[in-house]
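Novice:
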Amino acid sequence: MSIIIANWKMNLGLNESVSLASSLKDIDYDDKEVVICPSFVNLIAVGEVLKPTRIKLGAQDCFWEPRGSYTGEVSLEQLKQVGCEFVIIGHSERRQNLGETDAMVNQKVKAALVAGFTPIICVGETHAQREAGETDDILIKQTTAALEGVELDSKKRIIIAYEPVWVIGTGNAIKPSEASAAISVITKALENLFSAEQVKNNFSLIYGGSVSSSNISSFSREKNISGVLVGGASLDAEEFINLVKNF
Ligand code: PGA
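Quick note on our numbering: the sequence shown kicks off at 4 and runs consecutively.
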């Protein structure tokens, strides 16, 4: 089943979030899984709107400790109580702007799996790293570090989003063949950590970075891309509904 994840980032207020969620009821799911990730403060309200639908709820981040004196942080238990099943971890905007490290990403991934969440782990190179020919090394390093010490069983599911940092929010996606090649590199890194069967059964590999309703079908045609993480194009109901339809 393909998966389409909307990352609303910090773009919408409460009323805007409720209104956008309400207009997504006409989504043509077919065999697709759709996940919406609003800001923390809007999770409850958006969750209420989405309850009668098949759309699932995700958070944009989490903290790894279950409870305690961690001012400003939000635990996985708190997220579970408001209906979240998915959590984005290690988005490049957090790695770049907030100093989130591979070690922090790893702690969050492990905590998310223990709490029964599906983590959506973001990996990807900057433009400078790509220019320096470091893309594959970065993908292998980030993937391996994020999953250090992770033990899988048949129920655990992990999504890895390949997001070239320099493409996010630009309106210019990379070529689907380039996304597919990067996803092959990530798959090989996974096969060094887990059995081929676990990689096939427990992981979904998706692409993110300037995906729109008009370029989505070129990504869905790539055999190893099983979904997308969408920022800007998820903020407009008609655009997002078309995007889901065209996957
Ligand atoms: P974009 O964002 O679709 O606006 O490029 C993607 C993301 O940051 O996940």
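Every residue gets a Cβ at the ideal spot worked out from N, C-alpha and C, and that includes glycine.
With a CB to CB cut of under 6 Å and the five nearest residues on each side skipped, what residues in its chain are close to GLU225?
Specialist: Answer for GLU225: PRO179, SER183, listed in chain order.
Novice: Whose C-alpha, out of SER223, ILE143, ARG160, GLY230, is nearest the C-alpha of LYS191?
Specialist: It is ILE143 whose Cα lies nearest to the Cα of LYS191.
Novice: Mind reading off the beta-carbon distance from ILE8 to VAL233? Whole number of angstroms is fine, and I expect it under 8 Å.
Specialist: About 7 Å; that satisfies the 8 Å criterion.
Novice: Please name the residue in PRO122, VAL126, GLN132 whose C-alpha comes closest to that of ARG98.
Specialist: Cα-wise, what sits closest to ARG98 is VAL126.
Novice: Put ILE78 into one of helix, strand or coil per three-state DSSP.
Specialist: A quick correction: the sequence has Ser, not Ile, at residue 78. Of the three classes helix, strand and coil, the one that applies to SER78 here is strand, per DSSP.
Novice: Considering only their Cβ atoms, is the gap separating GLN201 from LEU155 smaller than 8 Å?
Specialist: In contact: LEU155 and GLN201 (Cβ atoms closer than 8 Å).
Novice: Measuring only the C-alpha atoms, how far is GLY102 from GLN63?
Specialist: Whole-angstrom Cα-Cα distance: 16 Å.
Novice: Where does PHE250 fall in DSSP's three states?
Specialist: Here PHE250 sits in coil by DSSP.
Novice: For ligand 1, any of its heavy atoms closer than 7 Å to the Cβ of GLY211?
Specialist: Checking every heavy atom of ligand 1 against the Cβ of GLY211, one is found closer than 7 Å.
Novice: Cα separation between GLN84 and LEU15?
Specialist: Using only the alpha carbons, I get a separation of about 22 Å.
Novice: State the CB to CB distance for the pair SER198 and ASN227, rounded to an integer number of angstroms; the pair is presumed to be in contact (CB under 8 Å).
Specialist: Not really, about 18 Å apart at Cβ, beyond 8 Å.
Novice: Given 7 Å as the limit, tell me if GLU36 has its C-beta closer than that to any heavy atom belonging to ligand 1.
Specialist: The answer is no for GLU36.
Novice: If ALA185 sits next to THR138, beta carbons under 8 Å apart, how far is it from one beta carbon to the other, in whole angstroms?
Specialist: Going by Cβ atoms, the distance from ALA185 to THR138 rounds to 7 Å, so yes, they are a contact pair.
Novice: Below 8 Å on the Cβ atoms is my guess for THR121 versus ILE171; work out the distance and round it to an integer in Å.
Specialist: That pair is no contact at about 21 Å.
Novice: From THR173 to GLU51, what does the alpha carbon distance come to, in whole angstroms?
Specialist: Cα to Cα, the separation comes out at about 32 Å.
Novice: Please indicate yes or no: does the CB of GLY93 lie closer than 7 Å to some heavy atom of ligand 1?
Specialist: Not under cutoff, so the answer is no.
Novice: Pick from ARG133, VAL108, VAL117: whose alpha carbon is nearest that of ALA148?
Specialist: Nearest of ARG133, VAL108, VAL117 to ALA148, Cα basis: VAL108.
Novice: Below 7 Å CB to CB, which residues in the same chain sit around ASP31 once its five sequence neighbours on both sides are set aside?
Specialist: Cβ neighbours of ASP31 beyond the five flanking positions: VAL247, LYS248.
Novice: Only counting runs of 4 or more residues, tell me where the alpha helix (DSSP H) segments fall wholly within the stretch 168-224, in order along the chain.
Specialist: The qualifying runs are 179-196, 199-205, 219-223.
Novice: Ligand 1 heavy atoms versus the CB of VAL233: any closer than 7 Å?
Specialist: VAL233 Cβ: within cutoff of ligand 1.
Novice: Comparing alpha-carbon positions, which option in SER221, LYS12, THR74, ILE39 lies nearest ALA24?
Specialist: For the residues SER221, LYS12, THR74, ILE39, the minimum Cα distance to ALA24 belongs to ILE39.
Novice: Indicate the three-state DSSP secondary structure (helix, strand or coil) for LYS35 in the structure shown.
Specialist: It is coil, neither helix nor strand.
Novice: What did DSSP end up calling VAL90 once you bin it into helix, strand or coil?
Specialist: Note: VAL90 maps to strand in three-state DSSP.
Novice: Can you give me the Cβ contacts of HIS94 inside the same chain, cut-off strictly under 6 Å, excluding the 5 residues immediately before and after it?
Specialist: Contacts found: CYS125.
Novice: Which residue comes first and which comes last in the alpha helix (DSSP H) that contains VAL233?
Specialist: No alpha helix (DSSP H) holds VAL233; the beta strand (DSSP E) holding it covers 230-233.
Novice: Out of ILE219, LYS12, LEU82, which one is the CA nearest neighbour of SER5?
Specialist: Here the closest residue by C-alpha is ILE219.
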